[in-house]
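Protein chains in written order, with my numbering: chain A, 1 to 133; chain B, 134 to 677.
Here a beta-carbon is modelled for each residue, glycine too, at the ideal position from N, C-alpha and C.
Every value quoted in this text rests on a predicted model; they were computed, and no experiment measured them.
The structure appears below as structure tokens.
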Amino acid sequence: MADKRLRILVAKPGLDGHDRGAKIIARALRDGGFEVIYTGLHQTPEMIAEAAVQEDADAVGLSVLSGAHMTLFPEVMRLLKERGAGDVAVFGGGIIPDEDAAKLKAMGVRQIFTPGASTEDIVKWVRENVAPR
Amino acid sequence: MSSKKKWLETTYRQASERPIRFSTVSDMELDPLYTPDDVSGSYDDAIGNPGEFPYTRGVYGSMYRGRLWTMRQFAGFGLAEDTNARFHFLLGQGQDGLSTAFDMPTLMGYDADHERALGEVGREGVSVSTVYDMATLFNRIPLDKVSTSMTVNCSASILLAMYLVVAERNGIPWDRVGGTIQNDMLKEYIAQKEWICPPRPALRIVTDMIEFCARKVPRWHAVSISGYHIREAGSTAVQELAFTIADGICYVEDAIKRGLSVDDFAQRLSFFWNLHNDFLEEVAKLRAARRLWARIMKDRFGAKNPKSMMLRTHAQTAGASLTAQQPMNNVVRVAIQALAGVLGGVQSLHTNSMDETLALPTEQAVMVALRTQQVIAEETGVTNTIDPFGGSYAVEALTDRMEREASDYIRRIDEMGGMIKAIETGYPQREIAEAAFHFQRQLEQGIKTVVGVNKYSMPEEIPIATLKIDAAIEEKQIQRVRKVKRERNSAAVKAALARVAEVCRSGENLMEPICEAVRHDATVGEVSDIFRAEFGVYTDPGWI
């Protein structure tokens with residue numbers, strides 16, 4: 001199983017349309033050798049949890065730039081657990097203040113990337129921290 | 134041999150050159166020097182004087198010697214009364230026009246009490262679900278004296294209707310109300326990605342609004358054709374110019390198809406550009422935009438009224454250029470970007486606040502941003518003479534080049550059958566994503582520099598104060614919306630909404646029925662639901 005290509009779901013929950021970052025990350029992860037599924041915009045937490053299960057994702061990367069991260073991240077986590085996929089590694093990025101990032105990590109979000117993070121760092125983090133399920 | 138070529142092969146070749154790529158932020162490579170060899174065309178045809186065709190040097194005869202640009206800071210957060218307080222603060226600080234930021238649910242056509250609004254109410258802008266919210270938002274603001282800009286697109290028809298109903302309830306007739314509504318749906322599919330229905334019905338609603346405003350609200354700009362979001366999504370400056378002008382062409386064509394004469398509505402079309410870091414590229418872009426639009430309106434659409442040919446524009450400094458790292462540096466970026474806007478001859482300007490990569494801006498940060506404009510206007514002296522860059526070999530050559538390269542894009546879009554077809558195939562979307570990825574790569578390879586991020590970074594950031602939105606406002610707004618829904622005459626609302634649905638099908642102008650629905654307390658979400666039911670829902674194709 002060690003050579004199984006990791007499957008990463010890149011998802012845009014909520015209503016904001018800022019997909020520049022999500023698309024760049026999706027492409028960089030694909031170039032980095034991962035299987036990438038991009039959900040497109042305006043996904044509900046249910047849609048994302050469902051897609052993660054359907055697509056057999058090893059990790060879910062959430063991008064939120066609307067300030068609704070404290071609502072949307074925990075909801076995605078809860079719904080993943082509900083579907084028996086609580087071991088999917090959830091990470092994310094966006095306009096997320098440090099104190100919120102700390103709270104999200106305490107809830108089990110593995111990593112939060114904020115503006116200025118390089119795609120190389122993100123690819124490297126996934127490679128080192130996400131294991132096949 | 135031209136003198137430039139000779140100079141390049143002798144003097145310049147012997148001089149040293151740093152081993153870097155000399156290109157703009159859009160990665161347009163520049164020559165070491167521009168000379169008279171690089172500038173073609175006669176002064177009158179290619180450049181012309183301010184206030185005269187093709188308006189390269191400015192749309193007004195006296196430009197800032199006659200009237201400064203409108204200082205218009207975009208503001209909105211929380212409940213309507215919170216934003217109303219910020220409006221009064223800004224007007225008290227010498228700002229002369231208002232600009233409203235709505236929250237994501239309002240922008241996407243959902244009421245605050247919709248499940249999709251959860252966690253988003255009042256976060257990114259002000260929450261407006263009912264006409265009462267709109268009345269609170271503009272409380273004690275004279276709508277016949279202050280011009281208002283509303284940044285809203287797929288639900289624009291409803292928000293404009295609410296604004297007009299508030300004006301009429303304040304005793305102000307529609308023909309005395311002045312302002313702008315963004316209402317540029319094409320760029321939503323291309324870049325900002327706020328939509329309800331697919332592109333074709335969305336365009337029909339936009340054209341309804343152009344037609345309605347031309348007849349009933351003559352001082353209102355029914356569309357603000359926006360490059361801003363295209364650039365924020367990662368386009369180059371040329372792409373921003375090209376796609377925006379191509380969007381404008383599409384609106385003009387559709388309004389003409391509706392039976393309007395070009396001179397009946399074109400003077401109320403306005404524009405909205407981004408002001409990015411690359412100073413000369415931005416000045417050239419604004420000059421090229423005016424010339425390109427003037428020529429298109431005259432030659433392609435046969436406009437006769439000079440006002441139809443004048444590209445009047447708002448501009449905003451580039452949000453995407455700001456850094457979360459060392460945020461104070463953003464003050465400097467904003468000042469330089471704003472200066473490019475002024476030297477590019479804009480009519481209205483928003484300067485971003487230094488803290489906007491972290492949160493919505495604090496009052497103090499907004500004040501620094503506004504003061505930046507006031508310093509440019511009243512201390513730097515750049516307003517004393519019109520278009521001081523006119524005649525600069527470099528700026529004129531860049532202006533020519535941007536017009537040429539944008540025209541190539543526009544030709545390609547025409548060949549595809551116009552902007553709607555281009556959008557449906559994902560052409561502009563892919564071009565922008567490609568450019569965004571290219572820039573990110575250049576950043577990570579160190580070809581491009583962002584100070585404080587990939588160069589001159591600091592191990593420890595000094596935190597700055599940020600604005601916090603109270604989570605309790607969401608519940609408060611939900612209760613307010615529910616109260617309106619409980620207490621109104623539900624039979625009247627139902628009938629008014631049925632009339633909107635009927636007009637969606639009949640093809641008559643939608644604006645009067647929407648105004649009537651709003652008068653009976655129909656909400657943003659309810660009218661949007663009619664659009665969803667009648668026109669269908671658009672979903673993101675999710676192209677990477």
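| message | So, with DSSP's three-state summary, where would you put H221/B? | response | helix
| query | Would DSSP call K418/B helix, strand or coil? | reply | helix
| Contact list for K431/B against chain A, beta-carbon separation under 7 Å | By Cβ distance, chain A contributes nothing, its closest Cβ being about 35 Å from K431/B, past 7 Å.
| Interface partners of M107/A on chain B, CB under 9 Å | Under the 9 Å cutoff, chain B gives no residues; its nearest Cβ is about 15 Å from M107/A.
| message | For Q575/B and A457/B, what's the separation of their Cα atoms in angstroms? | response | 19 Å
| field | Proximal residues to G94/A (C-beta, below 7 Å), its chain only, five neighbours per side dropped | value | S63, V64, L65 and H69
| query | Buried or exposed: F398/B, going by 16 or more other Cβ atoms within 10 Å of its Cβ? | reply | buried
| said: Under DSSP, the alpha helix (DSSP H) around S136/B begins and ends at which residues? | reply: S136 to W140
| Between the region 7 to 26 of chain A and chain B, which residues of the former have a C-beta closer than 7 Å to a C-beta of the latter? | G14, L15, D16, G17, D19, R20, K23, I24 and A26
| T450/B and A421/B: beta carbons closer than 8 Å? | no
| message | Please tell me whether E86/B has its Cβ less than 8 Å away from any Cβ of chain A. | response | Here chain B has residues from 134 to 677 only, and residue 86/B is not among them.
| request: May I ask you to list, following chain order, the residues of the region 52 to 76 of chain A that have a beta carbon less than 9 Å from some beta carbon of chain B? | output: L65, S66, G67, A68, H69, M70, T71, L72 and E75
| field | DSSP three-state assignment for S280/B, whether helix, strand or coil | value | strand
| said: At the 8 Å Cβ level, is I95/A part of the contact set with chain B, yes or no? | reply: yes
| Minimum Cβ-Cβ distance from L41/A to chain B less than 8 Å | yes
| task | Check F412/B in the structure and name its three-state DSSP category. | result | helix
| task | Kindly indicate the opening and closing residues of the alpha helix (DSSP H) around V73/A. | result | Reading off the sequence shown, one finds Phe at residue 73/A, where the question assumed Val. Residues H69 to E82.
| query | Applying a beta-carbon distance threshold of less than 9 Å, which residues of chain B neighbour P132/A? | reply | None at all; the shortest Cβ gap to chain B is about 22 Å.
| query | Any C-beta of chain B sitting closer than 8 Å to the C-beta of G116/A? | reply | yes
| request: Measuring alpha carbon to alpha carbon, tell me which of A510/B, G551/B and Q400/B ends up nearest D387/B. | output: G551/B
| query | Just to confirm, are E327/B and C287/B a CB contact at a threshold of 8 Å? | reply | yes
| If we count Cβ pairs, one from each stretch, closer than 8 Å, do we get three or more for the region 284 to 301 of chain B versus the region 94 to 111 of chain A? | no
| Below 8 Å between beta carbons: does that hold for A453/B and E365/B? | yes
| message | What ranges does the alpha helix (DSSP H) occupy inside the region 579 to 624 of chain B, keeping only unbroken runs of at least 4 residues that lie completely in it? | response | 605 to 620
| request: Can you check the region 298 to 364 of chain B for any beta strand (DSSP E) of at least 3 residues that lies completely inside it and give the ranges in chain order? | output: 312 to 314 and 356 to 359
| task | Please name the residue or residues paired with Q449/B in a DSSP beta bridge. | result | N407/B and H483/B
| query | Heavy atom of the ligand NAP less than 7 Å from the Cβ of A11/A, yes or no? | reply | Looking at this structure, you won't find the ligand NAP or any other ligand, since it has none at all.
| Nearest-angstrom Cα distance between G585/B and A568/B? | 22 Å
| query | Shortest alpha-carbon distance to F404/B belongs to which of A379/B, V395/B and L413/B? | reply | A379/B
| Residues in its own chain within less than 8 Å of R638/B by CB, not counting five upstream and five downstream? | E667
| field | Buried or exposed (CB count within 10 angstroms, at least 16 for buried), Y176/B | value | exposed
| request: Compile a chain-ordered list of the residues in the region 575 to 588 of chain B whose CB is closer than 7 Å to at least one CB of chain A. | output: E577 and V586
| request: Would you mind stating whether E649/B and R632/B have Cβ atoms separated by less than 8 Å? | output: yes
| field | DSSP three-state assignment for E253/B, whether helix, strand or coil | value | coil
| query | Where does V130/A fall in DSSP's three states? | reply | coil
| request: Could you name the residues that DSSP lists as bridge partners for R7/A? | output: E35/A
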